[in-house]
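Note sheet for the following structure.
Protein chains: 2
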Amino acid sequence: MIPYRIIQRKRDGEELRAGEIAEFFRGYADGRLPDYQMAAFLMAVYFRGLSPAERAELVETMLRSGAVVDLSDLPGTKVDKHSTGGVGDKASLVLAPLVASLGVPVPMMSGRGLGHTGGTLDKLESIPGFRTDLTLSEFRRQLERLGCALIGQTDEIAPLDRRLYALRDVTGTVESIPLIAASIMSKKLAEGIDALILDVKRGSGAFLPELDRALELARTMIGIGDAYGKEVVALVTAMDRPLGYAVGNALEMEEAILTLRGEGPEDLRELTLALAGEMLALGGVAGSPGEGRAMAAAALDDGRALERMREIVEAQGGNPAVLDDPAILPQAPVRRVVEAARSGTVVEVEARSIGHAAVELGAGRRALGTAIDPAVGFHITVKPGDIVEAGEAVATVYARTPEDAERGREALVAAIRIGEGPAAPLPLVSHRVTRAGVEAWEGDAAEGGRGA
Amino acid sequence: MIPYRIIQRKRDGEELRAGEIAEFFRGYADGRLPDYQMAAFLMAVYFRGLSPAERAELVETMLRSGAVVDLSDLPGTKVDKHSTGGVGDKASLVLAPLVASLGVPVPMMSGRGLGHTGGTLDKLESIPGFRTDLTLSEFRRQLERLGCALIGQTDEIAPLDRRLYALRDVTGTVESIPLIAASIMSKKLAEGIDALILDVKRGSGAFLPELDRALELARTMIGIGDAYGKEVVALVTAMDRPLGYAVGNALEMEEAILTLRGEGPEDLRELTLALAGEMLALGGVAGSPGEGRAMAAAALDDGRALERMREIVEAQGGNPAVLDDPAILPQAPVRRVVEAARSGTVVEVEARSIGHAAVELGAGRRALGTAIDPAVGFHITVKPGDIVEAGEAVATVYARTPEDAERGREALVAAIRIGEGPAAPLPLVSHRVTRAGVEAWEGDAAEGGRGA
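Top to bottom, those sequences are chains Y and C. Going letter by letter, the first sequence gives residues 1304 to 1755 in the numbering used here. Going letter by letter, the second sequence gives residues 1304 to 1755 in the numbering used here.
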């Protein structure tokens, strides 16, 4: 194989021959192929895509670059969840203990914050003592005992994906559907799941804002799962505004705890129940997603999910008192209330710029490997469509310094647009995608009513 | 500047703002920006192109990355020639002493072989002792004394271009018109020329085989020259078959010497005269290209060009006896005659595969920095349209080993296609491109008849 010829042929739109993708990427994995040739290839893939055969070869190569966990000896249908990433998206923190408390094992390997979006690992680590770096054997034992473990992608899992992801992040090659799909699915297939629910975001705060691209990504991932005999269902959900109120690691952890206690924001609860319903159906515990949703609502309301989270936190070295007293979480020294500059309708709460502003405060990383500040972020209590009065508090900035707080305030004033006329937010969940195709999401109305 | 945002915006087809290209490329020049980000950017440019403003900024950045030679104190209009590269193209070796012998200074900085094409420097260095690494002050003194110096791109000239070129070569990003044009023109503008003749190749052996792409490249380079007040004229010429008979460094040097003595192949002589006519007109020595062509033909036929080459070879440390006895050049130990397998018409002498086969023999480089074998190559005495008899000698392979010779023979048998029906070779020179536009090339018929 001559690497520059492979790059040229992909650039020119040729389909590569069987084995060529595998050889090219294995060469990168073992250090024979340099970053710059891979970067050029990835940009060519951005423009030319991958054929189904090429994509399958890439998934297999990434999957086989590390260990493939075998959980088949553990009882139950193992179901994980993946979100394509958003601002304020802490659903996994509620969902994992909730679904596990109902008997479906959730072997969850999560990521860190990326670009303008937060990461489940960073949020979990805001709990004092919480360890996300379990070994694979600790992971397996906890999964057996509690039905859930919340860890990071270990070094053993798809190491090639990790290196490729870091390269894509700095070379403008993230937003490629086949590369995104292969990255997600290779990790998920390596962690030993039987089925997967995908939360595919759309709207301005999503990596792929347009609906047609979100649907294409969903279909691509479902196709990959199918090739490995894993059932994958995707919900297309709104990321034109943040999910819930909180943006920032400890703030989001606190909001997840409130939601586990039945006191969280409506949209976060609703999305979590929709995803839980699907996972319980995939796991064979519920006869339908609607039945699963009702079961999940009950487990949130009667405290079973909260108790399971307490056990998980304790098992992973965190202070379980946080479930009763979220003030144990790191607190920002400077708080600044943001007031509505005028009366009117909240027309937009623009997710992407809020995500970027949170990174500026220190809630995310500007460069790989840098530390984050768990305490900082935003609490935005208005949603598109809300009516506000001039001077009314619409948000709070949590910051390290007064200067940061002022910058954060300015960013929120720009992002929370107040005007006349109606707001047109995207529906929280709009589509459900399965092997059978795309259907409009009927929501709780069709699936058995709002729980509790 | 955030590099990955610049890459993304180019990828998405946005025009970059004034200063952004300069900052991005200067970052690469001084080592702050890594190869992998540049590789991704170059691939995005391959797909999205550069606007005229972006291209101008790139040329200026590359030009200013090193020294800009000022030859304005030397008398005469300095005219150089550049070929976009081909197989068997040794025209520069004849052209430079020829034009200099008629009073137009030729400050020629040439390159090495690249991919399947040969390089003037490698050919010159087949002369025992010949130095192409003159310092800029030696270059200037020789130019003053002999009107011509034949050197390589020194470290001082457009160092950024050299690094970019090496990166493009291994990342499949060579075949981009704005990148090719900026690379060529930044080097030529840095060497202190007043005017430039371009030999833009087309056909299977050219980097850009299609006519429309060759014309676009010509127009782009003429536009860049115009912005710097340099007159640039381009001839579009045939590279569907090798130029002349010889392919390989010493073999081509020998053929250039024969042509300087009036004994070379017809096509090499004709192309050289066409280019010389343009250069003499650009240099103000001839009133028109046709008049220049006639002057050049006379200088070839009466030995003036040969004598000037003798002085140049001697001045640059080479053995001038080579002009009388080309057998002084390195000789390959194994020679193998290639015979026509059947009778018929030579339909094709496919340049690109012949170029690749010459690299395989050792005439070119498979990787940067490796040594070449000056003695090896091909001598192909048939041209498309020739009638041959089965068993007739059509070529000779010059090789290091019998095995190499056999592989070379097989490559030539495949590349020299003998069949029925007429051959349809491209015209040797088909178009002439100037600031005023593109015109069909009228050739010597319209320009004053064949010299001598």
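The beta-carbon is built from N, C-alpha and C at its ideal position, and this holds for glycine as well. Just so we're clear, the structure is a prediction, and the values are computed from it rather than from any experiment.
Selected residue, minimal CA-CA separation from residue i, among the options
| i | options | result |
| --- | --- | --- |
| residue 1618 of chain C | C:1305, C:1400, C:1338 | C:1400 |
| residue 1467 of chain Y | Y:1345, Y:1605, Y:1315, Y:1593 | Y:1345 |
| residue 1538 of chain C | C:1499, C:1551, C:1687, C:1544 | C:1499 |
| residue 1738 of chain C | C:1328, C:1519, C:1654, C:1625 | C:1519 |
| residue 1641 of chain Y | Y:1552, Y:1697, Y:1428, Y:1451 | Y:1697 |
| residue 1430 of chain C | C:1459, C:1547, C:1556 | C:1556 |
| residue 1635 of chain Y | Y:1668, Y:1510, Y:1552 | Y:1552 |
| residue 1490 of chain C | C:1362, C:1627, C:1723 | C:1362 |
| residue 1679 of chain Y | Y:1694, Y:1511, Y:1658, Y:1690 | Y:1658 |
| residue 1604 of chain Y | Y:1625, Y:1560, Y:1645, Y:1624 | Y:1560 |
| residue 1700 of chain C | C:1715, C:1305, C:1369 | C:1715 |
| residue 1607 of chain C | C:1563, C:1585, C:1367 | C:1563 |
| residue 1390 of chain C | C:1549, C:1457, C:1584, C:1575 | C:1549 |
| residue 1536 of chain C | C:1326, C:1740, C:1654, C:1317 | C:1740 |
Per-residue DSSP class, three states only, for residue i
| i | result |
| --- | --- |
| residue 1326 of chain C | helix |
| residue 1309 of chain C | helix |
| residue 1350 of chain C | helix |
| residue 1659 of chain Y | helix |
| residue 1477 of chain C | coil |
| residue 1674 of chain Y | coil |
| residue 1383 of chain C | strand |
| residue 1393 of chain C | coil |
| residue 1616 of chain Y | helix |
| residue 1686 of chain C | coil |
| residue 1502 of chain C | strand |
| residue 1410 of chain C | strand |
| residue 1442 of chain C | helix |
| residue 1755 of chain Y | Because the pLDDT at residue 1755 of chain Y is just 33, under 50, the model does not fix this residue reliably, and the value given afterwards should be weighed accordingly. In this structure, residue 1755 of chain Y counts as coil in the three-state DSSP scheme. |
| residue 1731 of chain C | coil |
| residue 1679 of chain Y | coil |
Distance, residue j Cα to residue i Cα
| i | j | result |
| --- | --- | --- |
| residue 1353 of chain C | residue 1720 of chain Y | 36 Å |
| residue 1307 of chain C | residue 1484 of chain Y | 21 Å |
| residue 1496 of chain Y | residue 1504 of chain Y | 22 Å |
| residue 1341 of chain Y | residue 1394 of chain Y | 34 Å |
| residue 1755 of chain Y | residue 1591 of chain Y | The predicted position of residue 1755 of chain Y is uncertain, since its pLDDT is 33 and thus under 50; a value taken from the coordinates is nonetheless stated next. Residue 1755 of chain Y and residue 1591 of chain Y: Cα-Cα distance of roughly 18 Å. |
| residue 1470 of chain C | residue 1338 of chain C | 8 Å |
| residue 1676 of chain Y | residue 1707 of chain Y | 12 Å |
| residue 1328 of chain Y | residue 1357 of chain Y | 12 Å |
| residue 1725 of chain C | residue 1651 of chain C | 10 Å |
| residue 1637 of chain Y | residue 1703 of chain Y | 6 Å |
| residue 1532 of chain Y | residue 1502 of chain Y | 20 Å |
| residue 1523 of chain C | residue 1534 of chain C | 13 Å |
| residue 1718 of chain C | residue 1526 of chain Y | 45 Å |
| residue 1474 of chain Y | residue 1542 of chain Y | 24 Å |
| residue 1682 of chain Y | residue 1712 of chain Y | 11 Å |
| residue 1595 of chain Y | residue 1375 of chain Y | 23 Å |
| residue 1488 of chain Y | residue 1463 of chain C | 41 Å |
| residue 1734 of chain C | residue 1515 of chain C | 11 Å |
| residue 1624 of chain Y | residue 1631 of chain Y | 8 Å |
| residue 1602 of chain Y | residue 1404 of chain Y | 8 Å |
| residue 1408 of chain Y | residue 1554 of chain Y | 27 Å |
| residue 1509 of chain C | residue 1508 of chain Y | 47 Å |
| residue 1722 of chain C | residue 1476 of chain Y | 49 Å |
Near the ligand HEM: residue i beta-carbon under 6 Å from a heavy atom
| i | result |
| --- | --- |
| residue 1474 of chain C | Although the ligand HEM was asked about, the structure shown includes no ligands whatsoever. |
Residues that residue i contacts on chain D, provided the C-beta gap is smaller than 9 Å
| i | result |
| --- | --- |
| residue 1473 of chain C | Looking for chain D here will not work: the only protein chains present are Y and C. |
8 Å contact criterion, which residue i and residue j should meet: CB distance rounded
| i | j | result |
| --- | --- | --- |
| residue 1461 of chain Y | residue 1493 of chain Y | 5 Å |
| residue 1379 of chain C | residue 1421 of chain C | That pair is no contact at about 29 Å. |
| residue 1728 of chain Y | residue 1448 of chain Y | So it is not a contact: roughly 41 Å between Cβ atoms. |
| residue 1656 of chain Y | residue 1691 of chain Y | With a Cβ gap of about 19 Å, residue 1656 of chain Y and residue 1691 of chain Y do not count as contacting. |
| residue 1688 of chain C | residue 1649 of chain C | 7 Å |
Can you give me, in chain order, the residues of the segment 1331-1343 of chain C that have a beta carbon less than 9 Å from any beta carbon in chain Y?
Residues of the segment 1331-1343 of chain C that bring their beta carbon within less than 9 Å of a beta carbon in chain Y comprise 1337, 1338, 1339, 1340, 1341, 1342, 1343, in sequence order.
Using a beta-carbon distance cut-off of less than 8 Å, what residues from the segment 1643-1672 of chain C approach chain Y?
Cβ contacts with chain Y come from no residue of the segment 1643-1672 of chain C.
Could you please tell me which residues of the segment 1346-1365 of chain Y, in chain order, have their CB closer than 8 Å to any CB of chain C?
1346, 1347, 1349, 1350
If you measure beta-carbon to beta-carbon, which residues of the segment 1474-1488 of chain Y are closer than 7 Å to chain C?
1474, 1475, 1476
At a Cβ cut of 8 Å, what residues of the segment 1414-1426 of chain C count as close to chain Y, listed as they run along the chain?
none
Contacting positions in the segment 1312-1324 of chain Y - beta carbon closer than 7 Å to chain C:
1314
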